[in-house]
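Before any comments, here is the structure.
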Amino acid sequence: IEKAHPKVITVFLQVLDEGMLIDSVGNKTDFRHTIIIATSNAGALFLRSATVGDSLKKELIDALIAEKVFSPEFLNRFDEIVLYKSLSLEGATRVSRNMIESIVAELRTKRGVTVTLEEGVVEAVVRRGYSREFGAREMRRAIVEFIENVLAEYMLKHDVKRGDTIHIRVQDLPGA
Numbered sequence: 007i008e009k010a011h012p013k014v015i016t017v018f019l020q021v022l023d024e025g026m027l028i029d030s031v032g033n034k035t036d037f038r039h040t041i042i043i044a045t046s047n048a049g050a051l052f053l054r055s056a057t058v059g060d061s062l063k064k065e066l067i068d069a070l071i072a073e074k075v076f077s078p079e080f081l082n083r084f085d086e087i088v089l090y091k092s093l094s095l096e097g098a099t100r101v102s103r104n105m106i107e108s109i110v111a112e113l114r115t116k117r118g119v120t121v122t123l124e125e126g127v128v129e130a131v132v133r134r135g136y137s138r139e140f141g142a143r144e145m146r147r148a149i150v151e152f153i154e155n156v157l158a159e160y161m162l163k164h165d166v167k168r169g170d171t172i173h174i175r176v177q178d179l180p181g182a
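Going by the working numbering, the sequence shown opens with residue 7, and the numbers climb by one from there.
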């Protein structure tokens with residue numbers, strides 16, 4: 007949200023304060039029964055060097071206001087501010103397994119194709135895609151590059167039919 011144009015922040019202020027959005031022609035949209043969740047990486051650098059303690063959230067908010075990342079008026083519109091830790095290597099591995107399992111399940115359901123992974127494939131993808139700074143987004147890119155694209159290329163080159171099995175080995179991954 008910190009990258010949004012100032013006019014977007016103004017619209018958010020209206021929605022968060024009044025629960026109503028009025029567009030340029032006067033149409034009203036009711037947000038009174040809406041839960042709005044905004045995410046930001048604005049405090050990531052601060053959190054990396056901060057000491058964990060009871061005052062951490064207040065210190066972060068004060069820093070964001072002092073650096074003019076967010077105005078006090080904007081931050082005060084939120085009922086709660088939740089701080090998250092950076093994605094750990096173990097967390098990235100779990101996220102990757104879940105994402106890959108979803109891809110495998112979708113191929114099985116929609117195409118009747120079974121996908122098996124050689125031991126070490128998930129770890130190889132995580133090694134290439136893990137970024138403490140960029141978190142799960144970077145893992146998603148790695149999964150597209152190293153799993154989805156490998157599967158797509160295989161399916162284009164081979165006559166894959168319902169009931170077939172595709173086995174992905176570490177050496178099948180680009181740059182392996």
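Even glycine gets a Cβ: it sits at the ideal position worked out from N, Cα and C.
Considering only DSSP beta bridges, list what residue i is partnered with.
i	result
residue 28	34
residue 123	174
In chain order, what residues of the same chain lie with their CB nearer than 8 angstroms to the CB of residue i, ignoring the 5 residues before and after it?
i	result
residue 149	102, 105, 106, 109, 131 and 135
residue 157	109, 113, 121, 172 and 174
residue 71	77, 78 and 81
residue 34	26, 27 and 28
residue 117	166 and 168
residue 144	135, 136 and 137
residue 176	124, 126, 127, 130 and 182
Can you list, in chain order, the residues of its chain with a C-beta nearer than 6 angstroms to that of residue i? Leave out the 5 residues immediately preceding and following it.
i	result
residue 69	52
residue 22	83
Among the residues of its own chain, which have a CB less than 7 angstroms from the CB of residue i, if the five just before and after it don't count?
i	result
residue 46	7 and 8
May I ask which residues mark the beginning and end of the alpha helix (DSSP H) holding residue i?
i	result
residue 116	95 to 117
residue 160	155 to 163
residue 80	78 to 81
residue 168	Here residue 168 belongs to no alpha helix (DSSP H), and DSSP marks it neither H nor E.
residue 148	141 to 149
Mind the definition here: the stretch 68 to 88 touches the stretch 96 to 103 only if three or more C-beta pairs lie below 8 angstroms; say whether that holds.
-> no
Counting pairs of Cβ atoms below 8 angstroms between the stretch 52 to 63 and the stretch 24 to 43, do you hit three or more?
-> no
Length at least 4, wholly inside the stretch 46 to 76: the alpha helix (DSSP H) runs in chain order = 50 to 55 and 62 to 72
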